[in-house]
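Q: Okay, here's the structure, questions in a sec.
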Amino acid sequence: MKQFLEGEAATVAAGEKLGAIAAPGSVWFLEGDLGAGKTTFCRGFLRAFGHSGAVKSPTYTLVEPYELARGLIYHFDLYRLGDPEELEYMGIRDYFSDNSICLIEWPQRGVGVLPVPDIRVRIETSGAGRSLQLTSATARGEQMIKRVQAD
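Put into structure tokens, the structure is as follows:
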């Protein structure tokens with residue numbers, strides 16, 4: 009599934025729409041260049057769960073937890089990760105459960121340690137806006153994409 013997003017508001021809206029169909033236990037990889045809109049997308053995703061505060065990229069802390077009425081979301085930013093092994097030291101596997109959703113920016117920095125994502129979200133700048141592409145890697149991911157296409 010691919011769509012064009014005209015500006016920041018459209019990126020937030022796309023994140024909110026996808027957050028609304030996100031299944032508990034799902035893993036989302038957020039891919040794209042620096043400044044492409046991954047954190048902006050996360051802001052909308054978290055809005056779907058009732059979060060109204062600021063959303064900053066956890067570049068230095070690696071993970072920002074959000075305990076919300078609809079569930080627990082972990083927002084990871086692996087941009088500054090030196091080695092995927094560092095994820096093992098922080099207990100990365102404990103974050104992935106049937107009760108949480110994990111949003112992971114810069115997942116390529118965690119290759120070999122991270123689980124297979126349910127959905128890959130690729131965001132790229134495109135003219136005055138952004139292009140967003142969703143691909144699924146699991147049956148759960150395929151079901152979520154079907155739900156969003158049905159809306």
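Residue 9 is where the sequence shown starts when you use the numbering used here, and the numbers rise one by one after that.
Quick reminder that beta carbons are idealized off the backbone N, C-alpha and C, glycines included.
Cβ of Arg130 within 7 Å of Cβ of Gly45?
A: By 1-based counting over the sequence shown, the position of residue 130 is 122. By 1-based counting over the sequence shown, the position of residue 45 is 37. Not closer than 7 Å, so no.
Q: By DSSP's criteria, Phe84 is part of a beta bridge. Which residues make up the other side?
A: As a first step, residue 84 is located in the sequence shown; it is residue number 76 there, counting from the start. Answer by DSSP bridge pairing, in chain order: Val71 and Ile112.
Q: Specify the secondary structure class of Glu14 as computed by DSSP and reduced to three states.
A: For this step, residue 14 is matched to residue 6 along the sequence shown. Look at Glu14 here: in three-state DSSP terms it is coil, with no helix or strand label.
Q: Do you know how far the Cα of Val20 is from the Cα of Tyr74?
A: Taking the sequence shown and counting its residues from 1, the one referred to as residue 74 is at position 66. Taking the sequence shown and counting its residues from 1, the one referred to as residue 20 is at position 12. Distance between the alpha carbons of Tyr74 and Val20: 17 Å.
Q: Cβ atoms of Tyr82 and Cys50: under 7 Å apart, would you say?
A: Counting from one through the sequence shown, the residue named residue 50 turns up at place 42. Counting from one through the sequence shown, the residue named residue 82 turns up at place 74. Cβ distance not < 7 Å, so Cys50 and Tyr82 don't count as in contact.
Q: Between which two residues does the beta strand (DSSP E) harbouring Arg138 extend?
A: As a first step, residue 138 must be located in the sequence shown, where it is residue number 130. Counting along the chain, the beta strand (DSSP E) containing Arg138 begins and ends at Gly137 to Ser144.
Q: Do you know how far the Cα of Gln157 is from the Cα of Arg117?
A: One-based indexing of the sequence shown puts residue 117 at position 109. One-based indexing of the sequence shown puts residue 157 at position 149. Rounded to the nearest angstrom, the two C-alpha atoms are 30 Å apart.
Q: Taking one C-beta from the region 133-152 and one from the region 55-70 each time, how about it: are there three or more such pairs within less than 8 Å?
A: no
Q: Which whole-angstrom value describes the C-beta separation of Ala22 and Gly52, a residue pair presumed to lie in contact below a C-beta threshold of 8 Å?
A: Numbered from its first residue, the sequence shown carries residue 22 at position 14. Numbered from its first residue, the sequence shown carries residue 52 at position 44. Contact flag correct, Cβ pair sits at about 6 Å.
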